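Asker: Here you go, one structure.
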Amino acid sequence: MTVSVPPSVKALLEALQNAGFRACPVGGCVRDSLLGKVPHDWDIATSAKPQEVEAALPGFSCIETGIRHGTVTVLSQGHPIEVTTFRIDGVYSDHRRPDHVQFTDQLALDLQRRDFTINAMAWEHGQVIDLFGGRADLQAGVLRCVGEPEVRFEEDGLRILRALRFASVLDFSVEEKTAQAVHQQRDLLRKIAAERLYAELRKLLCGPAVGRILRAFSDVCFTMLPQLAPLASCPQHTPYHDCDAWEHTVRAVEAAPPDPLLRLTMLLHDAGKPACRSTDADGIDHFYGHEKESANIAQEIVRFLHLPTKEARVVVQAVERHMLPMSPSRPLLQRRLRQFGPDFCKFLLQVQRADTKAQPSHLHFRLEQIAESEAIIDTLLEENACFSLSQLAVRGGDLLACGLSGPAVGKALDALLQAVVEGNCPNEKQALLSFWKTHLSS
Ligand code: ATP
Ligand code: MG
């Protein structure tokens, strides 16, 4: 097991070491290297204080990103690298972040404050520094806190969600004492800033073991997002389902490609079912209007998680429309392109595919229809089929020349676009103008 340090990082390590400091890659980059993956970023820990870091690196541009916490971001060969002074975290009176940090010249103390054994290793002079059995845990596929789990979660409640994130992403099991503390102390998550929760939740949702983790730690998920808790006690006695609404939700998350917005949409898509459930005289459950109710809950959750506006809109809209007919018909799909645009239509089909995959196999014939609809949309886009005003072969000016003015121009353009989309008129200037004269001008 070795760590291959890229030249941009080597340059920094050498400069700091030549100035008499200890400096080594630490945390995620060591973990990922030992797993045989290419790290997506490199963090350096050093005995140099932030000012000393800057002084030791005269040829590099340094940005004082978190100087109070000892972090300087250094640009090396075009790559931003975080260089953080060895530190001991102070008291965590708010369960979020240390009130103050204390710099130290001891790497061991810096490693000891880190969350999990697999994240608490450093690489120095060609050797792994592994004080807490991180390498063994990596090999065994085990996620374990450094120190006493209760204490570590008490210090920073976010670690509870980070534990589940790493277990999901790495497909690791959660060591027993760590898992017990995750369950017992899950309420601490309520004190954590929503932005920090969402950053971890996105990654958790995209992990290969997301289903196993959501099932084993549903209580943690419901503590963070209490609106989802009723799903777990919502049976679905219908021909379309063979499990309760939570199990269906988890299967749908697993079935979606690992894209955070898609997977979040699946997590929320049926959240309104419990409130909409009714049972008829034959004992069959119905969930009339659950898409709208789910969208209301999704709206609440994306606001709570502080999703960026655009992402929030996609998720809420997709939840609301997850049952929208998207059957493989050219005119229908051209109309959908007009209503929602290509990106959303493709997103919606992926949502419907994941939803279908999470249903019993006698409904899987729908997967073929979804693939057909995707192919039709691709063809429509390739053919540059008209679905927006900007593609229409007449412009406002053409209608002004025909004597229209004011809002009537916009209305006429909309009507003509509709005629093209519905297949009632070809998208050609003369044809459109005569269509307008014959059908719309009165
Ligand atoms: P990723 O691949 O997601 O970047 P990472 O391990 O680098 O994984 P970061 O969130 O970037 O995770 O954190 C970098 C390192 O800082 C971690 O490996 C860990 O050692 C330490 N760390 C981060 N957050 C915490 C925390 N809340 N408590 C203790 N240590 C933490
Ligand atoms: Mg990182």
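Residue 10 is where the sequence shown starts when you use the numbering used here, and the numbers rise one by one after that. The C-beta atom is built at its ideal place from N, Cα and C for all residues, glycine as well. Since the model is a prediction, treat every value here as computed from it, not as a measurement.
Shorter than 6 Å, the distance from the beta carbon of G281 to the closest heavy atom of the ligand ATP, or not?
Answerer: For this step, residue 281 is matched to residue 272 along the sequence shown. Not under cutoff, so the answer is no.
Asker: Considering only residues of the same chain and omitting the five flanking positions on each side of E63, which have a CB-CB separation below 6 Å?
Answerer: As a first step, residue 63 must be located in the sequence shown, where it is residue number 54. These residues qualify, in order along the chain: C71.
Asker: Quick check: what's the CA-CA separation for G37 versus A208?
Answerer: Counted from its first residue, the sequence shown places residue 37 at position 28. Counted from its first residue, the sequence shown places residue 208 at position 199. Answer to the nearest angstrom: the Cα atoms are 16 Å apart.
Asker: Could you check if L197 is buried or exposed, using at least 16 other CB atoms within 10 Å of its CB as the buried criterion?
Answerer: Taking the sequence shown and counting its residues from 1, one reaches residue 197 at position 188. Per the 10 Å Cβ criterion, buried.
Asker: Tell me whether the beta-carbon of G220 lies closer than 7 Å to the beta-carbon of E263.
Answerer: Here residue 220 corresponds to residue number 211 of the sequence shown, with the count starting at 1. Here residue 263 corresponds to residue number 254 of the sequence shown, with the count starting at 1. Contact flag set, yes.
Asker: Indicate, with yes or no, if the ligand MG has a heavy atom lying under 6 Å from the CB of G37.
Answerer: Walking along the sequence shown from the start, residue 37 turns up at place 28. G37: yes, Cβ under 6 Å from the ligand MG.
Asker: Alpha carbons only, please: which of V328, S287, P248 is nearest the one belonging to A280?
Answerer: As a first step, residue 280 must be located in the sequence shown, where it is residue number 271. The option with the nearest alpha carbon to A280 is V328.
Asker: Helix, strand or coil: how does DSSP classify V12 here?
Answerer: Start at 1 with the first residue of the sequence shown, and residue 12 comes out as number 3. Looking at V12 - three-state DSSP - the assignment turns out to be coil, as it is neither helix nor strand.
Asker: Would you tell me roughly how many angstroms separate the C-alpha atoms of T388 and R330, rounded to the nearest one?
Answerer: Against the sequence shown, residue 388 aligns to sequence position 379. Against the sequence shown, residue 330 aligns to sequence position 321. Taking the straight line joining both Cα atoms gives about 23 Å.
Asker: Roughly how many angstroms separate the alpha carbons of E431 and V39, rounded to a whole number?
Answerer: Here residue 431 corresponds to residue number 422 of the sequence shown, with the count starting at 1. Here residue 39 corresponds to residue number 30 of the sequence shown, with the count starting at 1. One C-alpha to the other measures close to 58 Å.
Asker: What are the boundary residues of the beta strand (DSSP E) that W255 is part of?
Answerer: To locate residue 255, count along the sequence shown from 1; it is residue 246. Taken as a continuous stretch (DSSP letters only), W255 belongs to no beta strand (DSSP E), being part of the alpha helix (DSSP H) at 254-264.
Asker: Considering only heavy atoms of the ligand ATP, does any lie closer than 6 Å to the CB of R123?
Answerer: The sequence position of residue 123 within the sequence shown is 114, counting from 1. Because some heavy atom of the ligand ATP lies under 6 Å away, the Cβ of R123 counts as near it: yes.
Asker: Please state if the CB of V325 and the CB of A307 are separated by a distance shorter than 7 Å.
Answerer: Here residue 307 refers to the residue found at position 298 when the sequence shown is read from its first residue. Here residue 325 refers to the residue found at position 316 when the sequence shown is read from its first residue. Closer than 7 Å, so yes.
Asker: Taking just the CA atoms, how far does L140 sit from L22?
Answerer: Sequence index remark: in the sequence shown, residue 22 carries index 13 (1-based). Sequence index remark: in the sequence shown, residue 140 carries index 131 (1-based). Computed Cα separation, rounded: 21 Å.
Asker: The beta strand (DSSP E) spanning A54 covers which residue range?
Answerer: Here residue 54 is taken as the residue at index 45 of the sequence shown, counted from 1. Here the beta strand (DSSP E) through A54 covers 52-55.
Asker: Regarding L167 and the ligand ATP, is the C-beta to nearest heavy atom distance less than 6 Å?
Answerer: For the purposes of this step, residue 167 is taken as residue 158 along the sequence shown, with counting starting at 1. L167 Cβ: within cutoff of the ligand ATP.
Asker: At what residues does the beta strand (DSSP E) containing I97 begin and finish?
Answerer: The residue you call residue 97 lines up with position 88 of the sequence shown. Unbroken beta strand (DSSP E) run through I97: 96-98.
Asker: Can you list, in chain order, the residues of its chain with a C-beta nearer than 6 Å to that of R174? Leave out the 5 residues immediately preceding and following it.
Answerer: For this step, residue 174 is matched to residue 165 along the sequence shown. These residues qualify, in order along the chain: E209, K212, L213.
Asker: The beta strand (DSSP E) spanning I76 covers which residue range?
Answerer: Counting from 1 along the sequence shown, the entry for residue 76 is found at position 67. Neither: I76 is in no beta strand (DSSP E) and is coded neither H nor E.
Asker: Taking 7 Å as the cut-off, decide whether the C-beta atoms of R260 and A367 are in contact.
Answerer: Counting from one through the sequence shown, the residue named residue 260 turns up at place 251. Counting from one through the sequence shown, the residue named residue 367 turns up at place 358. Yes. Within cutoff.
Asker: Using DSSP's beta-bridge definition, name the partner residues of Q111.
Answerer: Here the question's residue 111 lines up with position 102 in the sequence shown. According to DSSP, which records beta bridges pairwise, Q111 is partnered with I97.
Asker: Measure the CB-CB distance between D289 and T247 and report whether it falls below 7 Å.
Answerer: Counting from one through the sequence shown, the residue named residue 289 turns up at place 280. Counting from one through the sequence shown, the residue named residue 247 turns up at place 238. Contact flag unset, no.
Asker: Hey, how far is the Cα of I385 from the Cα of Q378?
Answerer: If you number the sequence shown from 1, residue 385 lands on position 376. If you number the sequence shown from 1, residue 378 lands on position 369. Spanning the two alpha carbons is a distance of roughly 10 Å.
Asker: Pull up the CB-CB distance for P244 and D253, whole angstroms please, since I reckon it's below 8 Å.
Answerer: As a working note, residue 244 is residue 235 in the sequence shown. As a working note, residue 253 is residue 244 in the sequence shown. Right, the Cβ-Cβ distance comes to about 5 Å (below 8 Å), so this counts as a contact.
Asker: State yes or no: is the C-beta of V12 within less than 7 Å of the C-beta of S56?
Answerer: Your numbering for residue 12 matches position 3 in the sequence shown. Your numbering for residue 56 matches position 47 in the sequence shown. For V12 and S56, no; Cβs fall outside 7 Å.
Asker: Which whole runs of the alpha helix (DSSP H) in the stretch 371-443 are 4 residues long or more, in chain order?
Answerer: 374-391, 405-410, 416-430
Asker: Drop a sphere of 10 angstroms on the beta-carbon of V18, count the other beta-carbons inside from all chains shown, and report buried for 16 or more, exposed for fewer.
Answerer: For this step, residue 18 is matched to residue 9 along the sequence shown. Looking at its Cβ environment, which holds 16 or more other Cβ atoms inside 10 Å, V18 is buried.
Asker: In the DSSP assignment, the beta strand (DSSP E) including Q136 goes from what residue to what residue?
Answerer: Translated into positions along the sequence shown, residue 136 becomes position 127. Unbroken beta strand (DSSP E) run through Q136: 136-139.
Asker: Does the distance from the CB of A65 to the CB of L116 come in under 7 Å?
Answerer: Within the sequence shown, residue 65 is the residue found at index 56, counting from 1. Within the sequence shown, residue 116 is the residue found at index 107, counting from 1. For A65 and L116, no; Cβs fall outside 7 Å.
Asker: If L449 and L422 are in contact, beta carbons under 8 Å, what's the gap, nearest whole angstrom?
Answerer: The count along the sequence shown starts at 1 and reaches residue 449 at position 440. The count along the sequence shown starts at 1 and reaches residue 422 at position 413. Wrong, their Cβ atoms sit about 10 Å apart, outside the cutoff.
Asker: Between S338, Q361, R312, T80, which has its C-alpha nearest P266's C-alpha?
Answerer: The count along the sequence shown starts at 1 and reaches residue 266 at position 257. Shortest Cα-Cα distance from P266 to any of S338, Q361, R312, T80 involves Q361.
Asker: Report buried or exposed for A54, applying the criterion of at least 16 other Cβ atoms within 10 angstroms of its Cβ.
Answerer: Numbered from its first residue, the sequence shown carries residue 54 at position 45. Per the 10 Å Cβ criterion, buried.
Asker: Look at T1 and C230 and say whether their C-beta atoms are less than 7 Å apart.
Answerer: It is not possible to answer for residue 1, since the shown part of the chain is limited to 10 through 451.
Asker: Any chance the CB of N436 is under 6 Å from a heavy atom of the ligand ATP?
Answerer: Taking the sequence shown and counting its residues from 1, one reaches residue 436 at position 427. No, Cβ of N436 sits at least 6 Å from all heavy atoms of the ligand ATP.
Asker: Under the assumption that F396 contacts R347 (Cβ atoms under 8 Å), give the Cβ distance between them as a whole number of angstroms.
Answerer: As a first step, residue 396 must be located in the sequence shown, where it is residue number 387. As a first step, residue 347 must be located in the sequence shown, where it is residue number 338. Indeed they touch by this definition, with Cβ atoms about 4 Å apart.
Asker: N128: buried (16+ other C-beta within 10 angstroms of its C-beta) or exposed?
Answerer: On the sequence shown, residue 128 is found 119 positions in, with the first residue counted as 1. Buried, because 16 or more other Cβ atoms sit within 10 Å of the Cβ of N128.
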